[in-house]
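To convert, note that position 71 of the sequence shown is 71 in the working numbering; the numbers rise steadily by one, no gaps. Positions of the beta carbon are idealized from the N, C-alpha and C atoms, including for glycine. The block underneath contains the structure these notes are about, expressed in structure tokens.
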Amino acid sequence: MDVHVYPTDNEAKKLIVEIGRRMYTKNFVAANDGNISCKVAEDIIWTTPTGVSKGFMSEDQMVKMRTDGTILSQGASGPSSEVKMHLRIYMENPDAMGVCHAHPPISTSFAIAGIGLDQAIYPEALVNLGTVPCVHYEAPGSQGIPDSIAPYARDYNAILLANHGAVAWGKSLMEAWYRLESTEHYAMVIMYTGNIIGKANVLSCEQVNELIEIRNKLGITSGGIPPCSARPTNTQDIIAGNSPVGTSPLLNQSCGCAGAKAQSELDVQAITQAVIARLQNLNR
């Protein structure tokens, strides 16, 4: 028995248009990139038309179709060839009610590099999203993409498509959108900590287990678990104030805080120099 509460046709179309506008505004898509879909019945979805900018869509352009691919109604254009990806997610994951695919710049850069998002450094990402695998390359619009996604559609909440972009799904279209946003934010944090600052405190296994318990209580049973650290490395306060060395007991702890002001200034200088060097290399 189907126990899902589906949006109405009008609600689904309005939300698709709104999420398309958000995609475009946030630079997740350019030109006519990306596609969005929303279930309104067990075997019926509304989806975006092909060849239309996601920032300038109207409700009368949306395409209504069955999950077997049968078109029920459409505006001037049919669905994107990538709707096969959406249909496969719905087939593999009965709980999926919405799917968002776009090309967020940082997530797409990770996808181009063939790097998944699986670092235990950010509680919000771990709880609400989980890990994000990167699946092998297949030509856009081909049957290879839905086939590559299929093994991950039930156990994860988002994936990166090698040399292509990102796709996320959820128990509502809005949840799918939030997960796509979270994927890009997660990628940005990993980029900064791994490639600009050059350091990240990985959460310990005990800390990760606490977050998994929170995730389970929220009813999120998918997402995977990233590798964790055997011991916590984030349990000391780091003070970078103006007090002389030794005036605060925390400055003499073993976390490396002795001489905090001087060391902090050196750290900032080193990071600044590293960022400038990287930017100069990019501009050559």
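- Under the 10 Å beta carbon count, Pro49 is surrounded by 16 or more other beta carbons and is classified as buried.
- In the three-state scheme derived from DSSP, where H, G and I count as helix and E and B as strand, Arg21 is classed as helix.
- About 15 Å separates the beta carbons of Pro232 and Gln119, which is beyond the 8 Å limit, so they are not a contact pair.
- Approximately 6 Å separates the beta-carbon atoms of Ser182 and Asn128; this is inside 8 Å, confirming the contact.
- Pro151 carries a helical assignment under DSSP once its states are collapsed to helix, strand and coil.
- Residues of the same chain with a CB within less than 7 Å of the CB of Ile190, apart from the 5 flanking positions on each side, are Leu117, Gln119 in chain order.
- By the neighbour-count criterion, in which a residue is buried when 16 or more other Cβ atoms sit within 10 angstroms of its Cβ, Ser81 is exposed.
- In the DSSP assignment, Val40 falls within the beta strand (DSSP E) that extends over 35-41.
- Counting the other Cβ atoms within 10 Å of the Cβ of Ala76 gives fewer than 16, which makes it exposed.
- Beta-bridge partners assigned by DSSP to Ser73: Lys64.
- Ala12 has no beta-bridge partner at all, per DSSP.
- The closest CA to that of Met62, considering only Thr8, Lys14, Val208, is found on Lys14.
- Within the segment 75-113, the runs of beta strand (DSSP E) at least 3 residues long that lie entirely inside it are, in chain order, 98-102.
- Inter-residue distance for Ala139 and Ala162 is about 10 Å (C-alpha atoms, whole angstroms).
- The Cβ atoms of Ile121 and Ala230 do not sit closer than 7 Å to each other.
- Close CB contacts of Thr108 within its chain, under the 6 Å cut and outside five residues either way in sequence, are with Gly165 (chain order).
- With a minimum length of 4 residues, the unbroken runs of alpha helix (DSSP H) contained wholly in the segment 167-219 fall at 173-191, 205-217.
- Remark: C-beta atoms of Glu184 and Pro104 approach each other more closely than 7 Å.
- For His86, the CB contacts under 6 Å within the same chain, skipping 5 residues up- and downstream, are Ser37, Val99 in chain order.
- Distances from the alpha-carbon of Met91 to those of Ile112, Asp9, His101, Pro151 put Pro151 closest.
- If you look at Leu126, you'll find it in the alpha helix (DSSP H) that goes 123-128.
- Closest by C-alpha distance to Tyr24, out of Ile44, Ser204, His4, His101, is His101.
- Partner residues in the beta bridge of Gly165, as assigned by DSSP, are Leu161.
- The three-state secondary structure of Ile45, taken from DSSP, is strand.
- Distance from the Cα of Trp177 is smallest, within the candidate group Phe28, His4, Gly198, Ser222, for Phe28.
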